[in-house]
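Here the structure is laid out as structure tokens; the discussion comes afterwards.
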Amino acid sequence: MIQRCAYSTMTFVDGVRDTKRVAIACQGGGSHTAFTAGVLKRLLAEKLERYEIVALSGTSGGAICALLVWYALLRDDRGEATRLLDSFWQSISSDSFQDQLLNDLFIAVNRMQGAIVTPEVTPYFYPEWGKNRLKELLEGVVDFGEIQQLVTASSPKLLVGAVEVRSGEFEVFRNAEITVEKVLASCALPTLFRSVQIGEDGVYWDGLFSQNPPIRDFMREFPDARAMPDEIWVVQINPQRREHVPTKMADISDRRNELAGNLSLHQEIDFLNEINGLLSYLPKEHYKHIEVRKIEMFRELDAASKIDRSPSFVGEMFAYGQGQAEEFLKGVS
3 MIQRCAYSTM TFVDGVRDTK RVAIACQGGG SHTAFTAGVL KRLLAEKLER YEIVALSGTS
63 GGAICALLVW YALLRDDRGE ATRLLDSFWQ SISSDSFQDQ LLNDLFIAVN RMQGAIVTPE
123 VTPYFYPEWG KNRLKELLEG VVDFGEIQQL VTASSPKLLV GAVEVRSGEF EVFRNAEITV
183 EKVLASCALP TLFRSVQIGE DGVYWDGLFS QNPPIRDFMR EFPDARAMPD EIWVVQINPQ
243 RREHVPTKMA DISDRRNELA GNLSLHQEID FLNEINGLLS YLPKEHYKHI EVRKIEMFRE
303 LDAASKIDRS PSFVGEMFAY GQGQAEEFLK GVS
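In my numbering, the protein residues as written are 3 to 335.
Structure below.
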């Protein structure tokens with residue numbers, strides 16, 4: 003006998019669960035996370051039917067991608083997830099001639115910073131056009147007021163990472179407490195956006211400075227080992243390896259940016275691996291082995307391309323993500 007439950011693709015054969023519980027963690031990185039959107043779109047296709055998505059996490063652009071999928075799963079509509087991903091990335095792309103000129107100029111200025119000394123302008127000097135535009139786009143695809151009514155005890159979990167500027171403490175926003183301001187806080191790269199204030203005392207910057215993305219907190223969301231993910235799939239957009247040693251200042255800066263982006267990811271994964279190695283000493287009702295798999299972006303792109311919103315670049319990253327997810331699924335099918 004096969005049974006199905008809402009919000010998942012969980013199946014039971016003769017009373018035994020034959021699906022795997024999966025949490026998906028999405029690393030952040032501006033326009034590079036169009037790769038993540040492509041990955042998620044492919045993972046939500048038919049080959050994922052043997053897996054139950056029980057949680058998602060993300061920082062910065064990864065948080066946006068995770069949010070869109072999570073919101074669709076709350077509404078029990080996997081097809082809507084792909085529509086939301088497509089809609090958001092089409093909307094954020096520089097579609098007009100004027101917007102494309104500004105996009106190209108912004109990228110050129112950022113690339114010059116690695117070659118010559120250029121003045122840096124604080125985001126507190128000019129209006130918050132970028133943040134306001136991003137907020138408008140998010141509220142156009144997600145009804146944040148509906149979230150509290152949709153979240154139940156059996157719903158998939160969502161974790162969004164940020165850092166409190168003054169205390170330096172990592173923050174993970176969870177589930178029904180997710181608001182558009184908290185997603186914006188995870189995206190508040192301090193060289194581009196002002197910090198985001200939440201409540202009376204909280205002032206937040208980009209989640210790239212905290213957990214990129216949150217992983218160990220998946221375990222805290224599921225105190226019962228039977229409910230924990232069997233696997234965590236990490237969408238990694240900062241390349242682990244580069245073929246050549248960087249010698250030019252621009253290349254050195256790009257590689258330093260990648261290594262910094264991966265530092266917290268390695269710490270999160272090392273924590274899980276350590277727990278896996280201690281399972282024989284830990285209570286089985288609270289801990290179990292969790293396999294970590296990666297879907298990686300291997301292309302060597304400079305840091306300036308993270309702000310490239312041109313339709314051609316976004317489309318290229320989207321297609322690349324779909325292709326990498328296709329290869330990944332061949333290994334887990």
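C-beta atoms are modelled at their ideal positions from N, C-alpha and C, and glycine is treated no differently.
Just so you know, these numbers come straight off a predicted model, no measurement behind them.
With fewer than 16 other Cβ atoms inside 10 Å of its own Cβ, phenylalanine 99 counts as exposed. Within its own chain, the residues whose Cβ lies closer than 6 Å to the Cβ of arginine 23, once the five positions on either side in sequence are excluded, are Glu54, Val56, Pro231, Asp232, listed in chain order.
Residue pairing for arginine 52: DSSP places it in no beta bridge. A residue is called buried once 16 or more other Cβ atoms fall within 10 Å of its Cβ, and phenylalanine 127, having fewer, is exposed. Distance between tryptophan 207 and arginine 168, taken at the CA atoms: about 10 Å. Glycine 323 and threonine 38 do touch by the CB rule: their CB atoms are close to 6 Å apart, below 8 Å. Taken through DSSP and simplified to helix, strand or coil, serine 33 comes out as helix.
According to the DSSP assignment, arginine 135 belongs to the alpha helix (DSSP H) that extends over 131 to 143. Judged by DSSP secondary structure, leucine 160 falls within the beta strand (DSSP E) whose first and last residues are 159 to 166. The shortest CA-to-CA distance from serine 255 to any of Glu298, Ile271, Glu302, Trp235 is the one to Glu302.
Checking the DSSP bridge columns, you'll see phenylalanine 175 partnered with Val162. Inter-residue distance for leucine 274 and proline 216 is about 12 Å (C-alpha atoms, whole angstroms). With respect to the 8 Å criterion, methionine 319 and glutamine 238 are not classified as neighbours on the basis of their beta carbons. Of the candidates Gly132, Phe175, Pro129, Arg77, Arg77 places its Cα closest to the Cα of threonine 154. In the DSSP secondary-structure assignment, alanine 25 is bridged to Ala57, Ile234.
With respect to isoleucine 66, valine 236 sits apart: the two C-beta atoms are not nearer than 8 Å.
Annotation: the stretch 236 to 310 contains the following complete segments of the beta strand (DSSP E) (minimum length 3 residues), in chain order: 293 to 298. Contact annotation: glycine 209 and alanine 164 have beta-carbon atoms nearer than 8 Å.
Burial check for histidine 246: the Cβ neighbour count within 10 Å stays below 16, so the residue is exposed. Contact check for alanine 327 and valine 41: beta-carbon distance about 4 Å, within the 8 Å limit, so the pair qualifies. Between leucine 281 and histidine 291, the gap from beta carbon to beta carbon is short of 8 Å. In this chain, the beta strand (DSSP E) harbouring isoleucine 200 covers 198 to 200. Considering only Leu194, Gln242, Ser156, Pro248, the residue with the shortest C-alpha distance to histidine 268 is Gln242.
The Cβ-Cβ distance between valine 205 and isoleucine 180 does not fall below 8 Å. Your pair proline 158 and leucine 75 checks out as a contact, with CB atoms roughly 5 Å apart and the cut at 8 Å.
By the C-beta density criterion, asparagine 134 is exposed, having fewer than 16 other C-beta atoms within 10 angstroms.
Spatial neighbours of proline 313 in its own chain (CB-CB distance under 6 Å, excluding positions within 5 residues in sequence) are listed in chain order as Ser95. Apart from the 5 residues on each side of it in sequence, threonine 124 has no Cβ closer than 8 Å to any other Cβ in its chain. Sorting Lys296, Ala178, Glu329, Ser59 by C-alpha distance to the C-alpha of glutamate 148 places Ala178 at the top. Cβ neighbours of glutamate 183 within its own chain (closer than 7 Å, five residues either side excluded): Val198, Ile200.
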